[in-house]
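Those sequence lines, one after another, are chains S and C. Per the numbering used here, the very first residue in the first sequence carries number 21; after that it's consecutive. Per the numbering used here, the very first residue in the second sequence carries number 21; after that it's consecutive. For glycine and all other residues, C-beta sits at the position ideal for the given N, C-alpha and C. Keep in mind that this is a model prediction, so the values were computed, not measured.
Number of protein chains: 2
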Amino acid sequence: MLPSWRRGATRDAVIAFLDAAEQLAPAQRVAVFDNDGTLWCEKPTYVQYDFLEDALKVKAAADPSVHDRAEYAAVLDGDWAAIQQLGLERVAMALLELFAGVTPEQFDANVVEFFNRARHRVLQVPLAHLVYQPMLELLDELRRRRFTVFIVSGGGTEFVRAISEALYGVQPEAVVGTLVEYEFLRDDRGAPLLVRTARVLGDANEGAAKVRSIQTQLGRRPILAVGNSAGDKEMLEWALAGDTPSLALLLDHDDEAREYRYASVSATVEEHEAITDVGRRLGWTIISMEHDWERVFPD
Amino acid sequence: MLPSWRRGATRDAVIAFLDAAEQLAPAQRVAVFDNDGTLWCEKPTYVQYDFLEDALKVKAAADPSVHDRAEYAAVLDGDWAAIQQLGLERVAMALLELFAGVTPEQFDANVVEFFNRARHRVLQVPLAHLVYQPMLELLDELRRRRFTVFIVSGGGTEFVRAISEALYGVQPEAVVGTLVEYEFLRDDRGAPLLVRTARVLGDANEGAAKVRSIQTQLGRRPILAVGNSAGDKEMLEWALAGDTPSLALLLDHDDEAREYRYASVSATVEEHEAITDVGRRLGWTIISMEHDWERVFPD
């Protein structure tokens, strides 16, 4: 069980929870996982950002006037200072326009094509090799123990769904992320047609929005929540707030040799406290990538 | 197979579709069902309306001033003319306020308690006896053939979820309906708390909204859609618009002896055409409750 997890207090806590959950009905065995930085590498840039940057480059090659827009110029130039100054949200909303008018099937095909071609910009491995092997083992062990596994991501729902079955064995309907609004149209023959807009439906799926979307889109309360960043705080608290055995797991990226070392601090956390400190205060189990994982990526 | 379905063209069409779907990958075998009037009886009133009316009566018994509000008075008096005049949507929004501030767990418990106690206002049977036996058999047959079954209802998502597992074997996350907004709060000890508001999130889940919510909340395209009313039109069209074997099934309530006889016509259908006529024009398979079903309700 969990062969890539080193023996120690963290692995013991995970196994103690899994054993305690056996007393619960299968319907109560619900686990939610963040995606970026929890199931796969999110540095130096989000994979979804890489996808959108790639699509923008294709567009700019055909139409140089794309460069005239400040948000697009910043991305094409890799100008992180400009992106920060414009604000990541404004840049993200501009990038969302690249796929407005596209059908769900076309969008899926675009994501899959990118995945089969692209490599991590630093590690130079295919993107499918950026998933964390210990997390894949945990997903398998949860399913073996009749858990239902959901992905609750801040990323775009359809982006994650396009690869969730292949990478994690998680079906589209078990993925909740930031939602794009769709428009229902009709083609020339009157047949229905569904296309993406450039609008986000509701809030970006971070912080308290993750808890609300777990309720509205999944309707079951998790007893295990796994995350890595300040945007996962409320979801991890939510898992611990029930009256059954529960576990909040936070991955600490403290391994600059095999992956990256960084702290997640954001305005959603009180007094800009590092999320690892918040977690220790709230009784979460902190996974040290350096110490608790024998292997990080699949072979 | 399908023992409560009489032999004939309708049953043949269903079985021909099920056989044709065997050639598809299981991930493509996706079926969506409307709930009210498709999986269970919706006359003379929606079951959810009965639930809300019941809750309002409890409230009015404790606080007679409830009667001062026009929407509530109309419901308490069973004054259908007044309800029509006020508009069903306005009455529904007023009833939604009854559960504002309530947690998901409390709401679930309220629905289940009502189900265990209430009886159909005409037939006087427990509500669980109002599901259609032939549809239960179709759900079972679909699952046997590795279909994923979703419920796509115009009713409240949480209301349907509270009973979907017990009545239909459908888990909460496989139910999509009209969504209520939630608020993320904290209790006295700072622990997270999720409560219902009196606001609907997005549109009521009818018509084109059903197609949009299938995409945003489930992310898979159905090849079988089953409905009974004008609010199911776009969903049934959507199932037929793909390029795989597909089937659109419409239940015609033409059986006043065993259930009800009524036509569904609404402003969402062009020129106020009956939905059965629309279906015949669009190549749907129409189920005659009177002729195609040997049994309507379970024993």
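Membership of C/Pro212 in the beta strand (DSSP E) is indicated by the continuous run 212-221. Neighbourhood of C/Gln235 in chain S, by CB distance below 7 angstroms: Pro124, Tyr202, Leu214, in chain order.
By the criterion of a C-beta distance shorter than 7 angstroms, C/Leu199 is surrounded in its chain by Thr177, Val220, Leu221, Gly222, once the five residues flanking it on both sides are discounted.
Contact between C/Ser284 and C/Ser233 does not hold, since the beta-carbon distance rounds to 20 angstroms and is not under 8 angstroms. DSSP, read as helix, strand or coil, puts S/Gly251 in helix.
The C-beta of S/Glu91 comes no closer than 8 angstroms to any C-beta of chain C. Excluding its 5 nearest sequence neighbours in each direction, S/Asp272 has C-beta neighbours in its own chain below 8 angstroms: Asn248, Thr296, Ile306, Ile307, Ser308, Met309, listed in chain order. Per DSSP, C/Tyr202 is one residue of the beta strand (DSSP E) stretching across 195-206. Close to chain S, meaning a Cβ-Cβ distance shorter than 8 angstroms, are the following residues of the stretch 174-190 of chain C: Thr177, Glu178, Arg181, Glu185. The beta carbon of C/Ala228 sits closer than 6 angstroms to those of Glu254, all from its chain and outside the five residues before and after it, given in chain order. If one requires a minimum length of 3 residues, no beta strand (DSSP E) run lies completely within the stretch 88-151 of chain S. Under a 10 Å Cβ-count criterion, C/Pro154 is classified as buried, with 16 or more other Cβ atoms of the shown protein chains found around its own Cβ.
The criterion of a C-beta distance shorter than 8 angstroms is satisfied by C/Trp258 and C/Ala245. Look at the stretch 231-261 of chain S: the residues with a C-beta under 7 angstroms from a C-beta of chain C are Val231, Arg232, Gln235, Thr236, Gln237, Leu238, Gly239, Arg240, Glu254, Glu257, Trp258, Ala261.
Inter-residue distance for S/Ala75 and C/Leu44 is about 31 angstroms (C-alpha atoms, whole angstroms). In summary, S/Val132 is exposed, with fewer than 16 beta-carbon neighbours lying within 10 Å of its beta-carbon over all protein chains present. Chain C has a Cβ within less than 8 angstroms of the Cβ of S/Pro192. Within 8 angstroms of the CB of C/Leu221, the CB atoms of chain S belong to Gly222, Thr236, in sequence order along the chain. Residue-level contact by beta carbon fails for C/Leu76 and chain S, as no gap is shorter than 8 angstroms. Interface residue (Cβ-Cβ distance to chain C less than 8 angstroms): S/Val195 is classified as such.
Secondary structure of S/Ser308 (DSSP, three-state): strand.
Listed by position along chain S, the residues whose Cβ is nearer than 7 angstroms to that of C/Leu199 are Thr236.
S/Arg26 and S/Arg164 have their C-alpha atoms spaced approximately 20 angstroms apart.
In the DSSP annotation of this structure, the continuous segment of the alpha helix (DSSP H) that includes S/Val34 starts and ends at 29-41. Annotation for C/Phe53: the continuous beta strand (DSSP E) segment containing it runs 50-53. For S/Val231 against C/Pro212, the beta-carbon gap comes to about 6 angstroms, under 8 angstroms, which counts as contact.
Listed along the chain, the chain S residues whose CB falls inside 7 angstroms of the CB of C/Ala228 are Phe204. The three-state reading of DSSP puts S/Ser184 in helix, counting H, G and I together.
Taking CB atoms only, S/Ala129 has no neighbour in chain C less than 8 angstroms away. Setting aside the 5 residues that flank it on each side, C/Val145 is surrounded in the same chain by Arg139, each with a C-beta closer than 7 angstroms to its C-beta; the list follows chain order. The C-beta separation of C/Gly28 from C/Asp275 comes to about 15 angstroms, leaving the pair out of contact by the 8 angstroms criterion. Residue-level contact by beta carbon fails for S/Ala138 and chain C, as no gap is shorter than 8 angstroms. Residue environment analysis places S/Thr236 among the buried positions, since at least 16 neighbouring C-beta atoms fall within 10 angstroms of its C-beta. For C/Phe71, the secondary structure class from DSSP, reduced to helix, strand or coil, is helix. C/Ala268 and C/Ser173 have their C-alpha atoms some 16 angstroms from each other. Look at C/Ala218: its C-beta is not under 8 angstroms from any C-beta on chain S.
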